[in-house]
Structures are given as structure tokens and as C-alpha cells.
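Residue numbers (the UniProt record's numbering): 1 to 419. Ideal placement from N, C-alpha and C gives every residue a C-beta, glycine not left out. Before any comments, here is the structure.
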Amino acid sequence: MVAGINVGAQPYWNAEATMLMHTKGILVMTPDSAMVLTGKHSLDFSGGVSAEDNFGIGGYDRVMGPNGQAQYWAPTLSAARDVLMAHYEHTYVAPGETAPRRATTTDPVDRDISGFPHAMAGSDFATVGEIFSARANPDRKKPFDIRSVMRALSDQDHPVLERWAGMADAETAVVQDVHLGGIPVCLLGIESQAVPRPGFPPTDGPDTYTAGTLFPRSSKKAARAINAASGNRPLVVLANLSGFDGSPESMRKLQLEYGAEIGRAIVNFRGPIVFCVISRYHGGAFVVFSKALNPGMTVLAIEGSFASVLGGAPAAAVVFTGEVDARTAADPRVRDLEARAASATGVDRATLTAELDERRAAVRAEKLSEVATEFDRVHDIHRAVRVGSVDAVIRAAELRPRIVEALEARLGAGPSGAA
1 MVAGINVGAQ PYWNAEATML MHTKGILVMT PDSAMVLTGK HSLDFSGGVS
51 AEDNFGIGGY DRVMGPNGQA QYWAPTLSAA RDVLMAHYEH TYVAPGETAP
101 RRATTTDPVD RDISGFPHAM AGSDFATVGE IFSARANPDR KKPFDIRSVM
151 RALSDQDHPV LERWAGMADA ETAVVQDVHL GGIPVCLLGI ESQAVPRPGF
201 PPTDGPDTYT AGTLFPRSSK KAARAINAAS GNRPLVVLAN LSGFDGSPES
251 MRKLQLEYGA EIGRAIVNFR GPIVFCVISR YHGGAFVVFS KALNPGMTVL
301 AIEGSFASVL GGAPAAAVVF TGEVDARTAA DPRVRDLEAR AASATGVDRA
351 TLTAELDERR AAVRAEKLSE VATEFDRVHD IHRAVRVGSV DAVIRAAELR
401 PRIVEALEAR LGAGPSGAA
């Protein structure tokens with residue numbers, strides 16, 4: 001807990017314990033705290049660049065919260081102590097024991113999360129269950145609020161502690177410490193609605209942080225969360241993840257490095273991992289969250305989810321272009337116009353050729369959609385089970401009990417602590 005101004009060596013000790021990729025410690029800041037290497041007056045006197053005060057150099061609001069080096073904010077020192085105690089509720093290992101103790105909960109392990117309210121302005125979904133409905137969301141492409149799903153899953157009689165809540169440009173990864181059936185777990189969710197970007201984004205990057213996508217800083221956040229939980233408590237991932245952003249901006253900002261850090265964290269993770277596909281599972285996610293990387297991983301998927309290295313739409317547009325072109329050329333509407341244009345002359349031929357170009361483009365769009373649908377139908381979640389990428393397909397109503405069951409099996413403990 002940072003109280004007051006930390007100068008010089010002390011911020012380095014803070015960093016050694018809490019800020020590096022492999023560290024497990026937490027750092028809590030208050031409004032009157034700051035971490036600076038050189039104080040404002042010394043910087044001014046020596047001709048260095050400073051801010052209006054020390055809080056502008058190393059306070060939470062402008063620097064340490066947005067850059068993710070401060071993991072929690074508290075309004076007072078007493079409140080910071082409460083944050084620490086809440087952290088210990090999930091992570092403290094008593095002498096002679098090997099893991100945090102399982103808590104008592106009155107929340108039934110077999111509770112169906114489907115009726116839990118879904119809180120998102122303008123959403124089509126009133127409850128969490130509608131997100132996974134074949135009627136309300138058949139393609140699993142509609143946006144939703146991941147925190148609603150995470151809260152629906154966790155024990156209702158235990159508070160949730162969100163880590164790195166103020167980390168800027170990392171909003172597509174959500175990290176919480178929760179209890180599941182009384183078991184303390186690190187719960188990692190992937191935001192499934194677009195996140196607006198403040199200011200003026202670079203022209204070689206996205207205008208918004210797209211749903212179900214990891215960007216450089218959210219990748220770093222996820223990797224740090226996984227490392228912090230390793231050897232202490234289980235990891236549960238709720239994934240609607242179409243992969244990593246590959247824009248020039250993201251590549252410039254170390255997307256490759258931070259994506260690899262997630263894979264490394266999974267390989268090195270000590271303890272149970274339950275990875276649950278709740279909508280879509282594509283792209284680089286297949287690599288860094290592969291169960292082949294860690295024998296302690298269980299992969300579940302909610303019925304109706306999609307899983308493949310490439311989604312149907314990009315597969316049709318990039319991989320199966322020959323098939324799309326062949327279907328377009330064979331379509332009677334295109335062939336008829338081609339024949340008429342070939343036999344026409346003069347102005348009529350020019351008119352028919354222009355009409356043919358428009359018709360061919362429209363038909364090709366139809367065929368793209370057709371091939372994409374066929375691809376998704378073949379690469380449904382049951383195929384992922386057949387090839388070993390997913391262990392089991394479950395109903396949304398089974399999400400909570402099946403995750404707890406998987407955790408208990410990996411921990412080697414029978415049901416306890418839950419009423």
C-alpha cells in the first residue's frame with residue numbers, strides 16, 4: 001500500500017514486488033499517494049521535465065492507474081487495508097497449507113445462471129441465458145457485457161474484487177478474484193462489446209476496441225493475471241475470443257510479445273485451469289489457450305458455440321476464394337447475363353457488361369455468406385470435441401456446476417463448503 005510520496009529507491013522496491021510479469025504482489029494507491037523517481041522540485045531545479053505536482057508525475061489517476069502498475073485504488077488508507085484483506089480472502093495460504101482455504105457459501109453449486117440479469121444499455125438481452133439462446137443469438141455474434149456473465153457465475157454471497165480496473169487500453173480483458181462453490185479462483189473474462197477509444201486513435205489502428213479481441217495491453221493484463229494466480233489458486237477463463245488484433249498499431253505496440261506471454265503463462269501455470277468457450281473461439285486464441293500447452297487444463301464449451309482457427313467469414317474470403325469464385329461463375333443469373341453480353345453489340349453490350357459486373361458482385365457476396373455458413377456448420381463446437389480441442393459441450397444451465405466439478409476434480413477434493 002502506497003501512503004504518501006514514494007521517492008527514489010522505494011518505487012523500485014514496489015515494482016520488484018508487484019509490477020513485473022512474474023510477480024504476484026498487489027499495489028494499492030490512495031488519492032494522496034504517488035511514486036516518483038525524482039520529485040517535482042528536483043526535476044525543475046535540474047532542468048528536467050516535470051508536472052504541476054508529484055501526483056502528475058506518479059499519482060494514480062494520470063499515471064499509475066492507466067499504466068497498470070497500480071492494481072487497485074482506495075479512497076483512504078483504511079479502505080486500502082480493506083482491499084488488502086479482500087485480496088487475502090482469495091489468496092492467503094496459511095502456514096502448513098498448500099492453497100487458500102475453501103470458503104463456506106450458501107449459493108447452490110448447481111444454480112442455473114440463465115435467469116441472472118444482463119446489464120448493458122441498448123442490449124437485446126435481458127438475462128444472461130438469452131446470450132446463449134439459439135433463438136435470441138444463433139450466430140453468437142451479438143454484443144454482451146462480460147461482467148454480467150462473470151457475476152452470474154460467481155458465488156452471490158461473496159464479493160468480487162476486480163484487479164487492474166483502471167488500466168487504460170486494456171479494457172477487453174477483465175480480471176476478477178471470485179469464489180466458485182466456495183473455491184477461490186482468478187476469473188478472466190474477455191469483454192464482448194466494443195469499447196470506445198478516447199482521444200484521436202492512430203490511423204493504422206482500430207477506431208474502437210472490438211468485442212472478443214485481445215489488444216497489446218489487454219494481452220499484457222491477461223498474462224499478468226495468469227502468472228499471479230499460478231501456484232496459488234485455480235484459473236477460470238470465460239472466452240468469447242476471436243483472437244488478437246493484428247493491426248499495424250497493435251504490432252507496433254508489442255502485440256506479438258504480449259500474446260506470447262499469455263502462452264508462456266499457460267505453459268508455466270501450476271494448478272487447475274478451466275477454459276470455457278461461451279460464444280466463439282478463433283484465431284490465436286487456439287494457440288495460446290490450447291489444452292496441449294498445459295495438462296491441467298479442462299476445456300468446456302456452451303452448446304451452440306463456434307470453435308476453429310479461422311472463422312467462417314474470413315475462411316470464405318481468404319481460404320476458399322476458389323470455391324466462392326466457382327460457385328459465382330456457375331450461378332444461372334451470372335451465366336445468363338454473360339451469354340447475353342457476349343452476343344450483344346454496341347451500346348447494348350456496354351450496358352449488359354456493366355449490369356453483369358453488378359450482378360456478379362451481388363452473387364459473389366451471397367456465395368461468400370453461403371460458404372461461411374457451411375464452414376461454421378462443419379466447424380461447430382462438436383467437431384472441436386471430436387478432434388480433442390474441447391473436452392465437453394455443456395448447456396448454459398450447467399455452466400456453474402460443471403466448472404465447479406472440473407475444479408474439484410483437478411484439486412482432488414470432494415464437494416465441501418457449499419450448501
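Along the chain, where does the alpha helix (DSSP H) containing residue i start, and where does it finish?
i, result
"valine 387", "Premise fails: valine 387 is in no alpha helix (DSSP H) and is neither H nor E."
"glycine 259", "255-268"
"tyrosine 88", "77-91"
"histidine 41", "40-46"
"phenylalanine 375", "346-378"
"serine 250", "248-252"
"proline 216", "216-229"
"glycine 322", "321-330"
If we count the other Cβ atoms within 10 Å of its Cβ and call it buried at 16 or more, is residue i buried or exposed?
i, result
"proline 415", "Confidence at proline 415 is low in this model, with a pLDDT of 46, below 50, so its placement is unreliable and no value can be given for it."
"alanine 409", "exposed"
"arginine 135", "exposed"
"proline 75", "exposed"
"alanine 419", "Here the model assigns alanine 419 a pLDDT of 37, short of 50, so the residue's position is not dependable, and the following value carries that caveat. Classification for alanine 419: exposed."
"serine 46", "exposed"
"histidine 22", "exposed"
"glutamate 355", "exposed"
"histidine 41", "exposed"
"methionine 85", "exposed"
Are the beta-carbon atoms of residue i and residue j separated by less than 8 Å?
i, j, result
"asparagine 236", "valine 274", "It is valine, not asparagine, that sits at residue 236 in the sequence shown. Yes. Within cutoff."
"valine 109", "arginine 400", "yes"
"aspartate 331", "valine 363", "yes"
"glycine 322", "glycine 296", "no"
"residue 420", "alanine 173", "What the structure shows of the chain is the stretch from 1 to 419, and residue 420 is not part of that stretch, so it cannot be assessed."
"cysteine 276", "leucine 238", "yes"
Going by Cα to Cα distance, which pick from the options is closest to residue i?
i, options, result
"valine 178", "Ala229, Val195, Asp139 and Gln193", "Ala229"
"valine 288", "Phe244, Ala301, Arg327 and Gly296", "Phe244"
"leucine 20", "Ser154, Arg224 and Ala152", "Arg224"
"asparagine 268", "Gly231, Glu257 and Gln255", "Gly231"
"glycine 181", "Asp155, Ala239 and Gly58", "Asp155"
"glutamate 16", "Tyr60, Ala70, His382 and Ile57", "Ala70"
"histidine 118", "Asp112, Thr104, Phe144 and Arg140", "Phe144"
"valine 299", "Ala260, Val347, Ala406 and Ser219", "Ala406"
"lysine 142", "Ala152, Thr105, Pro95 and Val128", "Val128"
"isoleucine 190", "Ile146, Arg264, Met85 and Ala339", "Ile146"
"tyrosine 72", "Val347, Gln176 and Ala365", "Gln176"
Tell me the residue span of the beta strand (DSSP E) that contains residue i.
i, result
"glutamate 162", "161-163"
"leucine 180", "173-180"
"alanine 17", "Looking at the DSSP string, alanine 17 is not in any beta strand (DSSP E); the run it does join, the alpha helix (DSSP H), is 9-18."
"phenylalanine 275", "273-281"
* Asked: For the segment 34-42 against the segment 3-12, are there 3 or more C-beta pairs whose distance is under 8 Å?
  -> yes
* How do the segment 85-94 and the segment 156-165 stand: do at least 3 beta-carbon pairs fall below 8 Å, yes or no? -> yes
* Do the segment 198-216 and the segment 246-254 meet, that is, are 3 or more Cβ pairs less than 8 Å apart? -> yes
* Any contact of the segment 249-264 with the segment 358-371, i.e. 3+ C-beta pairs under 8 Å? -> no
* Asked: Should the segment 380-391 be called in touch with the segment 290-308, which here means at least 3 C-beta pairs below 8 Å?
  -> The segment 380-391 vs the segment 290-308: in contact.
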